[in-house]
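Engineer: First residue of the sequence shown: 7, per the working numbering; consecutive thereafter.
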Amino acid sequence: HVSVTPTNNHHPTRMTNPPERDVTDDDWVHVPANPEEQAADTRARPPLPHVDGTPAALVRRFFAAQERRVGIYRRFNDGFQIHFVSDGHGLDGRRYDELCREITAEMSACSLEVIAVEEALKAAGCEAPAACIRVVQMGEKVKLNMTCTLQVLKKSCAENKWTWQQPPESLDDAAASAAAAVAAAASAHANASASLSARSTDVGLAEGGGAGLNPSWANGNFKPKCEAHPAMNARCKCFGASEGDEGATEPTEDDFNGATAEATLALEDAVVGINEALQELRYELADLAEDEE
């Protein structure tokens, strides 16, 4: 959390120090919008774009990048809704994957530009506006993660294939086995949207306010646990999986409801944090513009 102290009436709160940066964290984390693509937080960050100008000009450039990011989110959410309710008449899987790849590239470009602005402000000794931008980036990381997670939850639930979604009379042994197989496939699909969230901003969830929140099954990682072979991490043959396979099982209704509630709360908290940091940055911009006159 960023420390804040009361100052004058013009600034109800002021960020006095930028958040601590863990030297082991990459500044840039690629977030694949494709649910089938695994996150790769250790991927090397591309070079930052060149930015220059006065501190006020740099902050204005950040706000322009943030506006573009808002537009990208709108396209992403609209595309998902069309794909989700299309029933075969909207975005098909291939076209939706193409949209996800475009969103990935655009989000990453915005993130790189914002990081470049932050670094330029710090180099100019403008720690307060740089701290505001850092908080926005942290919030955007969580926002994107949770947006993708909620999309996965919504689409997986809409498949209506989990055993607890079936009427009792339809769940004979064969149907239950089939439902479990479908659930495993849904768990694998979950990497599509949820992966977008792992890579386009710059820090991990633990830094961004959603510490530890990772509804694992929604991200394709809901695996059975074998008490007899805990070191095997669900890859033991007790679950009928060969060495190297990672078995999957369906979530319970409580798993689903809990993951949805956690992701929704984390998303709301991230948006609040972003808006507060943006408001503080507007105060900083007013001061910088006044100093340049």
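Idealized CB from N, CA, C, for every residue including glycine.
What number of angstroms, rounded off, separates the C-alpha of residue 79 from the C-alpha of residue 54?
Structural biologist: For residue 79 and residue 54, the distance between alpha carbons rounds to 22 Å.
Engineer: Return the chain-ordered list of same chain residues with a C-beta closer than 8 Å to the C-beta of residue 74, the five sequence neighbours on each side being excluded.
Structural biologist: Closer than 8 Å at Cβ, skipping near neighbours: 112, 116.
Engineer: For the alpha helix (DSSP H) that contains residue 154, what are its first and last residues?
Structural biologist: Note, residue 154: alpha helix (DSSP H), 133–164.
Engineer: Verify whether the separation of the beta carbon atoms of residue 125 and residue 136 is less than 9 Å.
Structural biologist: Yes. Within cutoff.
Engineer: Do residue 76 and residue 67 have their CB atoms nearer than 9 Å?
Structural biologist: No, these two residues do not count as a Cβ contact at 9 Å.
Engineer: Could you check whether residue 143 and residue 121 sit closer than 9 Å to each other, using their CB atoms as the reference points?
Structural biologist: It is a contact, given that the beta carbons lie within the stated cut-off.
Engineer: Under 6 Å Cβ to Cβ from residue 270, same chain only, skipping five residues before and after it: list those, please.
Structural biologist: Closer than 6 Å at the Cβ level, and outside the excluded window around residue 270, lies no residue.
Engineer: Output needed for residue 288: all residues of its chain with C-beta closer than 8 Å, excluding positions within five of it in sequence on either side, in chain order.
Structural biologist: If we look at residue 288 and ignore the five residues flanking it on each side, it has no Cβ neighbours.
Engineer: What is the rounded straight-line gap between the Cα of residue 50 and the Cα of residue 151?
Structural biologist: If you take the alpha carbons of residue 50 and residue 151, they lie about 20 Å apart.
Engineer: Got a sec? Which residues, its chain only, sit under 6 Å from residue 82 by beta carbon, not counting five neighbours each side?
Structural biologist: Here the set comprises 109.
Engineer: Sorted by chain position, which residues of the same chain lie with C-beta nearer than 6 Å to residue 123's C-beta, five sequence neighbours on each side aside?
Structural biologist: So the list reads 57, 64, 67, 68, once near-sequence residues are dropped.
Engineer: For residue 90, tell me which candidate among 140, 297, 161 has the shortest Cα-Cα distance.
Structural biologist: Here the closest residue by C-alpha is 161.
Engineer: How is residue 120 classed by DSSP in three states: helix, strand or coil?
Structural biologist: If DSSP states are grouped into helix, strand and coil, residue 120 belongs with the helices.
Engineer: Look at the alpha carbon of residue 157 and the alpha carbon of residue 260, and state the distance between them as a whole number of angstroms.
Structural biologist: Rounded to the nearest angstrom, the two C-alpha atoms are 18 Å apart.
Engineer: What do you get for residue 43, buried or exposed, if any count of 16 or more other CB atoms within 10 angstroms of its CB means buried?
Structural biologist: Interpretation of residue 43 is limited by its pLDDT of 47, a score under 50 that renders its predicted location unreliable; no figure is taken from the coordinates.
Engineer: From residue 267 to residue 285, what does the alpha carbon distance come to, in whole angstroms?
Structural biologist: Near 27 Å, if we compare the C-alpha coordinates of residue 285 and residue 267.
Engineer: State the Cα-Cα distance for the pair residue 131 and residue 292, rounded to the nearest angstrom.
Structural biologist: So the alpha carbons of these two residues sit roughly 17 Å apart.
Engineer: Need the endpoints of the alpha helix (DSSP H) that residue 260 sits in, please.
Structural biologist: From DSSP, the alpha helix (DSSP H) with residue 260 extends over 259–298.
Engineer: Mind checking whether residue 127 and residue 61 have CB atoms under 9 Å apart?
Structural biologist: Contact flag set, yes.
Engineer: Starting from residue 171 and walking both ways along the alpha helix (DSSP H), at which residues does that stretch end?
Structural biologist: Here residue 171 belongs to no alpha helix (DSSP H), and DSSP marks it neither H nor E.
Engineer: Measuring straight from C-alpha to C-alpha, what distance separates residue 153 and residue 171?
Structural biologist: In a straight line, the C-alpha of residue 153 is about 24 Å away from that of residue 171.
Engineer: Compare the beta carbon distance of residue 155 and residue 265 with 9 Å and say whether it is the shorter of the two.
Structural biologist: Result yes, Cβ atoms of residue 155 and residue 265 sit closer than 9 Å.
Engineer: Any idea what DSSP makes of residue 85, helix, strand or coil?
Structural biologist: It is helical.
Engineer: When the Cα of residue 52 is compared with those of 263, 114, 159, which residue comes out closest?
Structural biologist: That would be 114, whose Cα lies nearest to the Cα of residue 52.
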